[in-house]
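Q:
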Amino acid sequence: VGGEKDTDEEADTVGCCSLRVEHLHFDPNGTEDDAKEIELEFLGKDSMLFKQTIDFGAEMYTENNGMGVQVYENFKKFCKKKKSSDEVFDSLTPTILNSHLKEIMEGLTAKVFRTYNASKTLQDELQKTEQASHWRRLTAAEKVVEYNNANRQVAILCNHQKSVSKAQETQLENIGEKIGTLKNQRSVLKKILKVINEGDKSIMEKIPTKKDEKKEKENIEKAVAKAKKMKDKAKTNEDKIAATEFDEKTKQAKRDLTKMKFNQAHLWEQMPSKEQVSKKIKSWADKIAKMEMDLKHKDDNKEVSLGTSKINYMDPRITVAWCKKNEVPIEKVFSKTLRDKFNWAAAVPPNWKFNAEVGRQG
């Protein structure tokens, strides 16, 4: 909610109680009509940027006697005749806010409010996916993707962002390249199947086969042993440099062998049968689909931290009940650390539901 801090020592992060006038931009699109839009831009928890334009005149804020327009007018009133560095809620503190929330509901705090919103959003998003006509046909892996999509909506709601590292970008590029290789290999397999079906022996003889991986592996094993000996015997700087250089060459040879195995994984050492090729085409299609799903998941979530909401905000019983109901192994969505942390939630039945009373109890 935003408490006092020494901005000389810490980042200038704010919460709802410490928002300043400079963090609010009225009518950001310059429409100058009856717009009720405010752009909020500030550094929140963990120095994560929150930047979002809210239209308080939209139906979602005004339907069913919603107070959207009143909230907008209140914001204008609170900011009127203030400097940009002044606080919007100059007489509000986290203590006063939490005291007020407890008057509305026993046990309600800003933390509980945030936890409730996160948990309700997760449950609502999961229920949406379960109502889809194709839901029962999904595999466990595909259901996990849908769970992660729901988790992502919670992370966005809570502004759980993360920066994209160079390693992540490289990983995404590598997965994309592997998918391209698999697709090329599948095309080769289809051509091989066509040649076999046509039965032209002169063309069949030209079907590519695997290079000898065993011999290359033996050479690398010998090189590894040699590199170890060179390191053990090295005494002078020249010997040490030579040993290090040879060790690097050995490591590169290992990488090259791994790449060679992947690049010819679709081939056989001898002429394959029609059944073998057909089976491998199906296997490659499955591999491509799985890898494309993995790439989409990693790309969609590269700027969102799914773990923060799982650990601190979403009621774990929602996830446990969902896994039981949909026959998804809990280890697919909760790491061992989380399973140990939330072992108290493991006994909930598949039909368990999160509600306001549960949220109030924490």
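Going by our numbering, the sequence shown opens with residue -6, and the numbers climb by one from there. C-beta atoms are modelled at their ideal positions from N, C-alpha and C, and glycine is treated no differently. Just so we're clear, the structure is a prediction, and the values are computed from it rather than from any experiment.
So, helix, strand or coil for D20, using DSSP?
A: Taking the first residue of the sequence shown as 1, we reach residue 20 at position 27. If DSSP states are grouped into helix, strand and coil, D20 belongs with coil.
Q: Identify which residue in Y109, Q120, Q245, L299 has its Cα closest to the Cα of S156.
A: Looking up residue 156 in the sequence shown gives position 163. Minimum Cα distance to S156 is reached at L299.
Q: Have a look at A134, D193, E15, V137 and flag the residue whose alpha-carbon is nearest the alpha-carbon of K74.
A: Numbered from its first residue, the sequence shown carries residue 74 at position 81. Nearest option by C-alpha distance: E15.
Q: In the structure shown, what three-state DSSP assignment does L42 receive?
A: Within the sequence shown, residue 42 is the residue found at index 49, counting from 1. It is a strand residue.
Q: Let's see if you can read the secondary structure: which residues bound the alpha helix (DSSP H) around L182?
A: In the sequence shown, the residue the question calls residue 182 occupies position 189. Counting along the chain, the alpha helix (DSSP H) containing L182 begins and ends at 159 to 191.
Q: When DSSP builds the beta bridges, which residues end up paired with D117?
A: In the sequence shown, counting from the first residue as 1, residue 117 sits at position 124. D117 is not bridged to any residue.
Q: Could you pull the start and end residues of the beta strand (DSSP E) that E34 belongs to?
A: One-based indexing of the sequence shown puts residue 34 at position 41. 30 to 36 is the span of the beta strand (DSSP E), which, as asked, contains E34.
Q: Assuming S78 and R13 form a contact by the criterion Cβ under 8 Å, report the distance between their Cβ atoms to the nearest whole angstrom.
A: Reading the sequence shown from its first residue, position 85 is the one you call residue 78. Reading the sequence shown from its first residue, position 20 is the one you call residue 13. With a Cβ gap of about 6 Å, S78 and R13 count as contacting.
Q: How many whole angstroms separate the CB atoms of K280 and L115, which I take to be in contact at a CB cut-off of 8 Å?
A: What you label residue 280 is simply residue 287 of the sequence shown in a count that begins at 1. What you label residue 115 is simply residue 122 of the sequence shown in a count that begins at 1. In fact, because the Cβ distance is near 31 Å, the residues do not count as touching under 8 Å.
Q: Classify R248: buried if its beta carbon has 16 or more other beta carbons within 10 angstroms, exposed otherwise.
A: As a first step, residue 248 is located in the sequence shown; it is residue number 255 there, counting from the start. Under this definition R248 is an exposed residue.
Q: Using only the alpha-carbon positions, how far apart do I31 and T251 sit?
A: As a first step, residue 31 is located in the sequence shown; it is residue number 38 there, counting from the start. As a first step, residue 251 is located in the sequence shown; it is residue number 258 there, counting from the start. About 54 Å.
Q: Just to confirm before moving on: does the CB-CB distance between N294 and R145 stay below 9 Å?
A: On the sequence shown, residue 294 is found 301 positions in, with the first residue counted as 1. On the sequence shown, residue 145 is found 152 positions in, with the first residue counted as 1. Cβ distance < 9 Å, so N294 and R145 count as in contact.
Q: List in chain order: all unbroken alpha helix (DSSP H) runs of 4+ residues lying wholly within the stretch 35 to 98.
A: 52 to 55, 61 to 72, 87 to 97
Q: Helix, strand or coil for V341, going by three-state DSSP, please let me know.
A: Within the sequence shown, residue 341 is the residue found at index 348, counting from 1. If DSSP states are grouped into helix, strand and coil, V341 belongs with coil.
Q: Quick check: H153 and V297, are their CB atoms within less than 9 Å of each other?
A: As a working mapping, residue 153 is identified with position 160 in the sequence shown. As a working mapping, residue 297 is identified with position 304 in the sequence shown. A contact, by the Cβ cut-off of 9 Å.
Q: Just to check my reading of the structure: D48 and K70 have Cβ atoms closer than 8 Å, yes? What is that Cβ distance to the nearest angstrom?
A: What you label residue 48 is simply residue 55 of the sequence shown in a count that begins at 1. What you label residue 70 is simply residue 77 of the sequence shown in a count that begins at 1. Not a contact, Cβ separation roughly 19 Å.
Q: Does DSSP put Q154 in a helix, in a strand, or in coil?
A: Taking the first residue of the sequence shown as position 1, residue 154 is located at position 161. Residue state, collapsed to three classes: strand.
Q: According to DSSP, is V321 part of a helix, a strand, or is it coil?
A: Here residue 321 is taken as the residue at index 328 of the sequence shown, counted from 1. Coil.
Q: What did DSSP end up calling V297 once you bin it into helix, strand or coil?
A: Along the sequence shown, one-based indexing puts residue 297 at 304. Strand.
Q: Give the C-beta separation of I168 and M286 to the nearest angstrom, bearing in mind that I take them to be a contact with Cβ-Cβ under 8 Å.
A: Walking along the sequence shown from the start, residue 168 turns up at place 175. Walking along the sequence shown from the start, residue 286 turns up at place 293. Going by Cβ atoms, the distance from I168 to M286 rounds to 11 Å, so no, they are not a contact pair.
Q: With a threshold of 7 Å on Cβ separation, who are the neighbours of V138 within its own chain once the five nearest residues in sequence on each side are excluded?
A: Residue 138 sits at position 145 when you count from the first residue of the sequence shown. Contacts found: M286, H290.
Q: How many angstroms separate the CA atom of K136 from the CA atom of F106?
A: Residue 136 sits at position 143 when you count from the first residue of the sequence shown. Residue 106 sits at position 113 when you count from the first residue of the sequence shown. The straight-line gap separating the alpha-carbon atoms of K136 and F106 is approximately 28 Å.
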